[in-house]
Structures are given as C-alpha cells and as structure tokens.
Amino acid sequence: MRRSDDDQAGSTMMVWIRAHGFTACVLLFVGLFCLGPVLWQAVTSLKPDQDLVRLPPLIPERVTSVHYDRVLLQSSLPRSLANSMVVAASATVTAIVVGAFCAFALARLPIAGKSVILGVALVTSMFPPIAVISPLYLLMREFGLRDTLVAVGLTHAVYSLPLAVWLLTSFFQQLPKELYQAARIDGCTPVQALLTIMLPLARPGLAVAALLVFIYSWNEFMFALTLTASDTTRTAPVAVALFPGLYEIPWGDLAAASLVVTLPVAGLALAFQRHIIAGLTAGSVKG
Amino acid sequence: MTDRSFTEIKKRSGTIHLSERAWGYLFACPAFILVSLIALAPINAALWLSLRQQLPIFGIDEFVGARNYLQLLGDERFWAACRTTLYFTALSVSAELLLGFGFALLLNRLSDGAGRGLRWAHVMIILPWAIPTVVSAQIWAWLYQPDFGLLNYLLYAAGMTGGRIDWLADPDWAIHAAVVMDVWKTTPFAALLLLAGLKTVPQELYAAARVDGAGTWEQFRRITLPLLMPVVLIVLVFRTMDAIRVFDAVFVLTGGGPGNSTETLSIYAYKTLFQTLQFGYGSALATAMFVLAAVLSLLYLLLLRRHVQESG
Amino acid sequence: MAEVRIELIEKRIGQKIILHPITLTVHDGEFFVLVGPSGCGKSTLLSLLAGLDQPTAGRILFDGSDVTDLEPRERDVALVFQSYALYPHMTVRENMAFPLRVAPRAKRLERNRIEEEVQRVAGFLGLSALLDRRPRELSGGQRQRVALGRALIRKPRLFLLDEPLSNLDAQLRASMRAELLRLHKELKVTTIYVTHDQTEAMTLGDRLAALSQGRIQQIGRPHDIYAAPVNLFVAGFMGYPPMNLLSARLRNDGLQAGPLHLTRPSDAPTVDQEQIVTVGLRPEDVVVAPATDSGNEGAGFGIVRLTEPSGPTLWVTAELNDHSEVVTISGSAQAGFVPKIGERVAVSGPRATLHLFDPTTGQRLGAS
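For the record, the sequence lines run as chains A, B and C.
Per numbering that gives the first Met the number 0, the first sequence runs over residues 0 to 286.
Per numbering that gives the first Met the number 0, the second sequence runs over residues 0 to 311.
Per numbering that gives the first Met the number 0, the third sequence runs over residues 0 to 367.
Laid out in structure tokens, this is it:
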C-alpha cells in the first residue's frame, strides 16, 4: 500500500519532469547553486564533532542536536539574537515613520529643493560606512550612547533612511493625486490626510520598505561591530563573526549559530518574497 | 473691511495655520535632522579629520592640510589595497553580471503553466541575498576548510586536484575565494533585476525579429541587450558601489590576509583607524575610497545617459 | 451659500501663463458653468477656487471676504473630481462620513448625528442599500453619487464640480444632468461646474463662461451666448453641430459666401462694399433640399459628403462647388428628405440668423 503510494508520487513527479524537463534542469541548477552551501552548513550543524573531521561520507551517519544545544543554551547567542531583534525592530519603526513623513512631503507637498534632498540621500548612501565610523563613534560617546543598542538602532535607521525615502516616495507618487486633494477639500490638514488616506493606501509600500530595512539592519556588520563592545550589546552577525573558539574553530557550533541567525531573515524573505522582489526591482526597471 | 473678515476667518478656524509648504518642511524635518546628525555630520567630520593628523596615543592633533593625501600617493600599501579592491570589484562584478544574466535568461524561459517553476526559483534565489554577509562568509570558510572542507573533497573526488589546497591561506587563492563567495551571495540580486527587466521586453519584438529571420543570438544582441542596457548599468552601479566598499565578506573570511594579499581599501582603513588609531590618515583613506566609488558611478551614469539619449 | 468674486486672478507656472488676469462674479445660489476645450485653464481656475493651488496674482472673495490665502479646509468648499477620488479603503458610509469626521473638533458632530446625516444624504441620492460596499464594488453611476454625497454632506458654501459626468456613458450622463439640476434646485448651493462639453454647459448653467487659452471669451446666459457669440472661438465652440463659418463678401443686397447667396441682416454693420467677413450660420438654419426643388433664391448646389441622423433632425454635410472655390457646409435636411451620400442637393439659408465676424480679429461685427 505504502509502496504504491510512493510509486504514484514518484510517477507523477516523473510525468512533471518529463513535461517540464527544461524547467526541472534549470531549477536543479539554480537550487544547487543557491542552496548547496547552506545545505552543507545544515548537514554540518547536525554532525557530531568527531564526524566533522572526516569526509566522506557526505550524508551523515549519525545526527545530533548537540551543537544547537550548546549554541542556544550555553552561549550568549540568544542574547545577541534578542539584541538584533530589538535593534532591527526599532530601526525599522524609526526609518519607516520618519521616512514616510519625509517621502510624503517629497511626493505631494510643494517644498523647495526636492532634488537636493534626494541627492543628499544618494550621497549619504554612497559614502563608505568605514569613513564615518570613527566620527560616529565619538558622537555616540558624546551622547552617552557608547556600547548601547540605541546607538546601533539609530545608526541603522539613518543609513537605511535613503532607501526608505526613495521607495516610499515612489509609492506615494503612484497614488492618484486626487485622493490627497479630495482629503484636503474634505477638511483634512496635511497630517490628517497622510494618516487617514495616504498611509492606509500605501500599506504595501510600507511593508516592502519595512522588510528591506529590517533585513538590512539584521545583517549589518560594520556599525554593529564598532559601536558595541560587550556580549550584552552584541548583535547576531557580530556574534557569528567573533564566534569564540579557544584552540580551534568549533565548526559544528558555528554552523548551528549561522543557521539560527539566518532563520529570521530567511523566513521573512521567503514569506514575503514577492514583495521584496517588487521592492528591489522598483524604479530600477521602470526608470 | 475685507482684511478684517479675513483675519476673522483665520481666528474662527481656530487651528494652527500652516501653509502646505510649511507642513512639507515640518514633515521632512525629522529625516533631515537625523540624517544631518548621524550621517552628514560624521561625513563632514571625516572630511575634516582627513586634513588633520590625529594620533591620540601620542596626543598629536594638528591640521596638516593635504599632507595625508600626499602621503597616500607614496603609500605602497595604499596602492596595493587599491589594486586588490579594483581586482576584487572587476572580477566579482563582471562574474555577477554574466552569471546573473545567464540565470535571468534561463529563468525567463521557464514556462510551466501556472509559473510554479518561477516561483520556486524566486524562493531559492532570494535566500543567498537574505543571508547575513557574515554568515555567508562563515559558510564559505567552512567549505574552504583545507583538511575536511567540502570543496577540497569534491575537487579531489572529481580528480581535478591532487589534494589539499589551503584556499584562504594561499596568497594567490585567497582573493579568488573571496570573489567566489561574493559572487554566490550577490548574483541573485543581479539576476532578479535583470529578470524583471527581461519581463518588460515586449514579446512582439521577438516575434517580429523571428519573422525578419533573426536567430537566437541575433535576437539577443539586437533586442534583448540594447533594451536591457539601463538595467545592466543600474546593476553595475549598485554592485560596483558595494564591491568597492566591501568589508565584512573579506574581513570575516580572511581578515585581509594572508600577508596583506586580500586587504581591500575598507580593511586597510579599518586597521588604520582602529588598530593603529591614525584617525586622520584613516579618514583620508576612506575619503579616497569615496572618490573612487563616486568617479566610477559617475562614469556609469554618463554611459547610461548617453545610452538613453541614443535610444531616445 | 455664497457669492464668489474672482478679482484679476492670474496664474503662471514659470514663464508660462496658464490664466490671464480673470475677473468674474458668481452670484449666490447660481449654477455657473466654466466651459472650454482641454488646456484652456478651467480646471486650474477650479483648483484656485478650491484652494488646492495658489494664484500668482489677484484675489478670491467669498461673500466679500478674502479667502485667497486660506487652506481648502478653511474655505468650506466641496469638490467633485472627474475621477471621483473615492477613498478605496473605505466603505460608502465611511467615504460620505469622512468630511464630518475630520471637521475641526469644535464643529465636529457626534457619532450618531454623523450617521443620521449619512442616512439622510444616502436616502436623498438613492444610496441607502449600498452603504457597506467599497467603491470598487460600485458601478460608475453609483460612484458618481457617492462622490456627490461626500461633497454635499457638510452643506458647503460653494460646490465645485470638475467634469463630473465625463466618465459615465451617454445615457447615464443625461439622467445625472437632470439629477444635478434637481439637487441644485433643492439645495440652492452656489455651484461652479467645469466641463469641456458644450451641451452640458448649455443645459445645466444658469450662466456660463467660455474659456480659451487662459482667457474668458464670453460670460452670459446660455441662450444669449448661443444667440450672439462674441467671437469666432465661442461661435465655433458652442452649439452642435458646430456653426458653419464661411468667408463671405459683402454686397449691397446681401452676402455672397461662395456659391451661397444670403440675405443681409437688417442690423448688419455698415461696412465698405466688397469687404470680406466671416459669416456664421447655425446648421439648424441651413436647409438641405432635393436638387430639383430649387426655387429658393440664393441656393447653392452641392454633393452630400456625410449624413448624421440625430433624432428628428438629419444633419447633412455637403460640399458646394462653384468653379472657383469649394465650400463645405452642414445643414439640416428638409422634413421628409433623406439624401444619400454623393447625391446632389440644394443648400440654402433663407431664414438664417447670420453672425458676422471680423476675419482678422475674430470679433463679432454689429449688434447681435
């Protein structure tokens, strides 16, 4: 019974592969390229330490959760994950709120120097982060924010602001101008019009911008590395980069930590894949 | 008379009276303040620092004008870092573009009814993009591991190498190892943009070209490539900017070594700033990097404009 | 309700003049139409009245008080957009209640009063059954009503309509016209209506202003404008089919327009003999008869190029050929006569009201 089920499943798959042979080949190739290294990391994370140092076999003979236990229960990684969550969430909220107001002004209000503002945004995002690191560090120390999550979150928010503003401006511009005008005629102040009409209608754009900012902040390394100094403020990527190894690199633990750190962003990316692709390609293809 | 009733109306409305323009400035204000404080001020400070000599350990802090920049010109390590950076950039960006183009063309051919194949491809392709760079560096460090890394094993099993290659410790291999990792991580981005561009090419053009007797290669050269030029240039700009500034990928993978064979400008600047604490000289290095990136992207933009003018 | 006075309002964008200085008074409770081809500046004028745009010079007064610098929300005007601009994320009820919900706190109604108002206006417009729908679930005509309802609910001083019917099909457009007139009669709100459709302008307006190239060409009651257009633009724009405008030579006894001989109107200006003028003839005054039946003095003969039946009237476009020149003219077929294309017909304007214009300035000649 069970066998015939498998056969059936197997044969429908065969039918599909025969019908879409080219597609299947392309998918296999793309899949191997994109997922191969990650899969190997997953395999590594499940192997007991003594099996890590011998190859073959490629497929592990024994599977263990010891690396995950160690990483999740005995290391400071959970703390770093929590830090990353706080930093990324607050950076996202800040960048989206501040960016939405600015983008709305750029898209619909008669302010002067719009091209200057967008130009400054572009230069800001072009300037190598390494150049601002030391003044930024001094600045944060001046504010008493050295080695705090606030410093990292704020920095991430500001450096993703250009992206958020560009994206949101184009989303606001896509909404019919009449909707804003109607809101004004109906008695809204610009704030009311933004909050009651424009923002609800720009929700898909807000979601895209928020996702991109969140992923940027979660993955960012250089600012997080230099603005934090202790285990209690370290973000996840910094923790992975500075993974403690006393004598030799604990490859199994490192693999487990890598996957754990990747999980939230990979999950987001997969869940909202369509939105993210729309956001990444917005503008670059049309313009 | 009319003036009085005008002020009356203003009073009656009883709310703060701001023109739309004023609201606009008010809305843009928070973004402006944040960017000024956290981005523009440090950028200015960096430019200012690059004109000073600052060595906190020795208590030195003086204005030296362009001396840091002059020193750059004679700094062999700077030129080596420049070469490394440009080599890394040229190799990885061109590989990403070619590979990304290949991916995009293949994916554009996918046609199984409901487009399920394409959806799966999107899901897979977005993963390397979403992975933190630091993590992908660790993933590849493990693959490159000389004694029990997967890469050496596969190459050995396929009979392509005699055995152990220490990819990251060999000055000839290390930079290429970094390039491969970068290509793996960022090809999806190029492929996604190019694929979106391909989707906008009207299918009638291909039909018309086939009627006119153009082969596959001719179609690609005469239709696809010219129409995709703007997207190609945008990919080039984005990727070049990132590749020139590359830090975490190489830093985690090799730390700039062996020797200084993988030391890019960012890493040199980082070491100068945070290991030798030469804030002035480090800032000059970073500014030079910015100039390099800006010049390159300006070049691309000029190309793009010329292309738009020619086709428009 | 208000009297609207526009004093020397001017609008430029950069060097480009969108509106030349315009002065205009719309009386309290009037239904006033701004009509003109696209790009004539009529919608700009409407934006200036609504406060969505600022004039370069001049001022706008509502009941004698200057509102030029006031925000839209302080002017208490309502505007119905061509695209309706209904809020897609709100139901009909929420759309209509919106102006009341965002009113300044001091003037805001209580929740149940707002609901009462919505019910009242919805009943008035026949929308009661649709209150929980979203705009995308409505037909064009229903959306139009919601847009009207949203504009009317707060009893504005001034009601502005920007081509509100142009997205509707012809039948619906006619019934909405009647509806708009009914609404206006009941509510007596000063209304300014912008359209490019001269039929709408003629049937709706108490008075209308014809605009072209940023200037008001003529202001008056529809009938007066129809009867005595002040220049060639107005003559050609108002009325359908458009007025025939022919080049004609003044003679003692009449006017010669190509092969067509027309009786000279009694009040025609005394001008030099042989002067060239542009003469305007409304198609309804031009009679197209079978060629055999050519007793009429001054008739010209021509070939039918186009026929266009429109209710009781059959419009005919004929080409008159008089050896030296070809004149194309439209007229109405004699009762019972149905000419075919290519048929030879006699064209005359025996009782036509002639409109004479100076061909160089385009201005009307004579009193009427």
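The beta-carbon is built from N, C-alpha and C at its ideal position, and this holds for glycine as well.
Item                                                                                                                            : Value
Residues of the stretch 130 to 145 of chain A whose Cβ lies closer than 7 Å to any Cβ of chain B, in chain order                : Ala130, Val131, Ile132, Ser133, Pro134, Leu135 and Leu138
Residue ranges of each beta strand (DSSP E) within the stretch 289 to 332 of chain C, 3 or longer                               : 299 to 309, 312 to 321 and 324 to 332
Assigned secondary structure, Asn386 (chain C) (DSSP; H/G/I helix, E/B strand, else coil)                                       : Because chain C spans 0 through 367 in this model, residue 386 (chain C) falls outside it and cannot be assessed.
Segment limits, beta strand (DSSP E) that includes Ala56 (chain C)                                                              : Ala56 to Phe61
C-beta atoms of Val179 (chain B) and Val251 (chain B) nearer than 7 Å                                                           : no
Under 7 Å from the C-beta of Trp165 (chain A): neighbouring residues of chain B                                                 : The premise fails here: Trp165 (chain A) is roughly 12 Å from chain B at the closest Cβ pair, so nothing lies under 7 Å.
Boundaries (first-last residue) of the beta strand (DSSP E) holding Ala351 (chain C)                                            : Here Ala351 (chain C) belongs to no beta strand (DSSP E), and DSSP marks it neither H nor E.
Residues within the stretch 226 to 246 of chain A neighbouring chain B, beta-carbon criterion of under 7 Å                      : Pro236, Val239 and Ala240
Test item: CB-CB of Val200 (chain B) and Leu235 (chain B) under 7 Å                                                             : no
Whether Gly361 (chain C) touches Asn243 (chain C) by CB criterion (7 Å)                                                         : no
Short CB-CB distance (under 7 Å) between Arg107 (chain A) and chain C                                                           : no
Local conformation of Ala102 (chain C) per DSSP, three classes                                                                  : coil
Proximity test, Cβ basis, 7 Å: Asn82 (chain A) and chain B                                                                      : no
Interface partners of Pro98 (chain C) on chain A, CB under 7 Å                                                                  : Asp185 and Gly186
Residue interval of the alpha helix (DSSP H) (run including Ser46 (chain C))                                                    : Lys41 to Ala49
Backbone secondary structure at His195 (chain C) - three-state DSSP                                                             : coil
CB contact below 7 Å: Gln172 (chain A) versus chain E                                                                           : In the structure shown, chain E does not exist; the protein chains are A, B and C.
Inter-residue Cα distance where the pair is Glu199 (chain C) and Ser18 (chain B)                                                : 36 Å
For Asn368 (chain C): DSSP bridge partner residues                                                                              : Any property of residue 368 (chain C) remains undetermined from this structure, which presents chain C solely from 0 to 367.
Any C-beta of chain A under 7 Å from that of Arg163 (chain B)                                                                   : no
Beta bridge counterpart(s) of His260 (chain C) as assigned by DSSP                                                              : C:Gln255
Straight-line gap, Phe21 (chain A) to Leu144 (chain A) (C-alpha atoms, nearest Å)                                               : 56 Å
Proximity test, Cβ basis, 7 Å: Glu19 (chain B) and chain A                                                                      : yes
Other residues of its chain near Gln40 (chain A): CB distance less than 8 Å, five sequence neighbours each side excluded        : Ala254, Ser257 and Leu258
Closer than 7 Å to chain B by CB, Gln180 (chain A)                                                                              : no
Cys24 (chain A) burial status per 10 Å Cβ neighbour count (16 or more: buried)                                                  : exposed
Residues, ordered as in the chain, of the stretch 224 to 250 of chain B that lie near chain A by beta-carbon distance below 7 Å : Val230, Ile233, Met240, Arg244, Phe246 and Asp247
Contact set for Asp205 (chain C): own chain, Cβ-Cβ below 6 Å, skip 5 residues either direction                                  : Glu29 and Phe30
Beta-carbon proximity list for Val344 (chain C), same chain, < 8 Å, skipping 5 on both sides                                    : Val287, Ala288, Pro289, Ala290, Phe300, Gly301, Ile302, Val303, Val315, Ala317 and Pro338
For Lys10 (chain C), three-class secondary structure by DSSP                                                                    : strand
Counterpart residues of Asn230 (chain C) in DSSP-defined beta bridges                                                           : C:Gln362
Beta-ladder partner(s) of Asp223 (chain C), from DSSP                                                                           : Answer is none; Asp223 (chain C) lacks a bridge partner.
Spatial distance of Gly212 (chain B) from Leu117 (chain B) (CA atoms)                                                           : 29 Å
C-beta neighbour in chain A for Leu298 (chain B), strict 7 Å                                                                    : no
Close-in-space but distant-in-sequence residues of the same chain around Val70 (chain A) (CB under 8 Å, 5 per side omitted)     : Leu76, Asp252, Ala255, Ala256 and Val259
Completely contained beta strand (DSSP E) runs for the stretch 244 to 276 of chain A, where each covers 3 or more residues      : none
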